[in-house]
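**Student:** Add 1 to the 1-based position in the sequence shown for our numbering, that's all there is to it.
Even glycine gets a Cβ: it sits at the ideal position worked out from N, Cα and C.
The structure presented is a predicted model; accordingly, all values stated were derived computationally and were not measured.
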Amino acid sequence: MKINLAKSAGFCFGVRKAITTALETAKTKDPVFMLGDIVHNEEVVRQIQNAGIKKINSLRRSKNKTLLIRAHGCSKKTLKRALKLGYRIIDATCPMVKEIHRIACKLENGGNQVIIIGDKRHDEVQGIVGQLKNPVIVIDYPRNIPLGKIKKIARAGIVVQSTQKLDNVLEILETLRKHIPRIAFHNTICNPTRMKQDEIKAMPLENSVMIIIGSKTSANTKRIFEISKSLNKKSYWVSSAKEIKKMWLNNAESVGVTAGASTPESSIKEVIAKLKAIGPA
Ligand code: SF4
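#1: Check residue 236 in the structure and name its three-state DSSP category.
#2: Can you tell me whether residue 7 is buried or exposed, with buried defined as 16 or more other CB within 10 angstroms of its CB?
#3: Cβ of residue 192 versus every heavy atom of the ligand SF4: is any distance shorter than 8 Å?
#4: Which same chain residues, not among the five before or five after residue 158, have their C-beta less than 6 Å away from its C-beta?
#5: Is residue 186 near the ligand SF4 - that is, is its Cβ less than 8 Å away from at least one heavy atom of it?
#6: Are there 16 or more other CB atoms within 10 angstroms of the CB of residue 283, so buried, or fewer, so exposed?
#7: Output yes or no for whether 9 Å exceeds the beta carbon distance between residue 55 and residue 46.
#8: With which residues is residue 211 paired in a DSSP beta bridge?
#9: Please report the Cβ distance between residue 255 and residue 219, rounded to the nearest whole angstrom; I am assuming they are in contact, meaning their Cβ atoms lie under 8 Å.
#10: By the three-class DSSP mapping on this structure, what secondary structure does residue 282 have?
#11: Note down the Cα distance separating residue 5 from residue 79, rounded to an integer number of angstroms.
#12: If we ignore side chains and look at the alpha-carbon of each, how far apart do residue 213 and residue 128 end up?
#13: Cα-Cα, which of 223, 86 and 103 is closest to residue 187?
#14: Could you compute how far the alpha carbon of residue 160 sits from the alpha carbon of residue 61?
#15: To the nearest angstrom, report how far apart residue 130 and residue 230 are at their CA atoms.
#16: Cα-Cα, which of 14, 253 and 269 is closest to residue 259?
#17: Answer yes or no: do residue 98 and residue 262 have a C-beta to C-beta separation smaller than 9 Å?
#18: Less than 8 Å between the CB of residue 14 and some heavy atom of the ligand SF4, yes or no?
#19: When you compare each of 71, 142, 151 and 182 to residue 170 by their alpha carbons, which one comes out closest?
#20: Taking buried to mean at least 16 other C-beta atoms within 10 Å of its own C-beta, is residue 221 buried or exposed?
#21: In chain order, what residues of the same chain lie with their CB nearer than 8 Å to the CB of residue 1, ignoring the 5 residues before and after it?
#22: Confirm the yes/no value for this check: CB of residue 63, any heavy atom of the ligand SF4, distance under 8 Å.
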């Protein structure tokens, strides 16, 4: 059984940078905290916690404490509150997410109704919403487009959550174009996501089985899996090697392996080792 590993499998540069920043910050003598998980992967979060960084769910008054802002970014309100409470801020927000913040603010200042194509519960989307003064419309799927609101908009500025599926975005955009006279559209899907999505459009057709590695909380892993599954029914999403079942590989000539942007190298290596151990069916 041949094992084909995707070139884009695993950490994107944004996640790599956030982890490096976190581990560097952990070396300082002052206590370091992160609000929520630095990236959506349990193993990475464990590694960061083992380095001494504590996860908190709310901000408290603090002296000589450092707050690490995660790769997905945060709202202006959270940042302001943290500074007011006395935290020293280390910002590990991915530069690509910061760019979305910049574009969204520019669109709003230019008099546009800002629309975000993305998942409204995702931290990155909440961070983008939290940069803006006016109410924002967030749309995740074409079936959830709020047509009543959309029809009243004269000018819209649209940005996209960095890990969105391009086909979904284009479908939403097509409907919006029918109802909004002026649209400034910015495709802010990040380059690492585009590369992953390009690869995942080919690999499921070239392999008997697909294994996608990543945490069940990872949005970009979910989208990679969705694309893979739509092209090859034998696509499986695992968070670790332990979840792989031998029967998935029955009669498989080749298995394609890829991993979400927050999946560590160690998880990929474990999966490859397990597949090698299972060997030919
Ligand atoms: S997936 Fe894209 S936006 Fe998100 S951290 Fe990675 S490079 Fe940055």
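**Tutor:** Let me lay it out:
#1: Looking at residue 236 - three-state DSSP - the assignment turns out to be strand.
#2: With 16 or more other Cβ atoms within 10 Å, it is buried.
#3: Yes, Cβ of residue 192 sits closer than 8 Å to a heavy atom of the ligand SF4.
#4: Cβ within range, chain order: 108, 113, 115 and 185.
#5: Because no heavy atom of the ligand SF4 lies under 8 Å away, the Cβ of residue 186 does not count as near it: no.
#6: The chain is shown only over 2 to 282; residue 283 falls outside these bounds and no answer can be derived.
#7: Here residue 55 is not near residue 46, since their CB atoms are 9 Å or more apart.
#8: Beta-bridge pairing by DSSP links residue 211 to 236 and 257.
#9: With a Cβ gap of about 25 Å, residue 255 and residue 219 do not count as contacting.
#10: Below a pLDDT of 50, predicted positions are generally treated as unreliable, and residue 282, at 48, falls in that range; the measurement from the model is reported next regardless. Residue 282 falls in the coil class under three-state DSSP.
#11: Roughly 43 Å separates the two Cα atoms.
#12: C-alpha separation (whole angstroms): 27 Å.
#13: Considering only alpha carbons, the answer is 103.
#14: Rounded to whole angstroms, residue 160 to residue 61 spans 33 Å at the Cα level.
#15: Rounded to whole angstroms, residue 130 to residue 230 spans 31 Å at the Cα level.
#16: The residue with the shortest Cα to Cα distance from residue 259 is 269.
#17: Cβ atoms of residue 98 and residue 262: not closer than 9 Å.
#18: Relative to the ligand SF4, the beta carbon of residue 14 is positioned inside 8 Å of a heavy atom.
#19: Of the candidates 71, 142, 151 and 182, the one whose C-alpha sits nearest the C-alpha of residue 170 is 142.
#20: Buried.
#21: No answer is possible for residue 1: it lies beyond the span of the chain, which begins at 2 and ends at 282.
#22: Checking every heavy atom of the ligand SF4 against the Cβ of residue 63, none is found closer than 8 Å.
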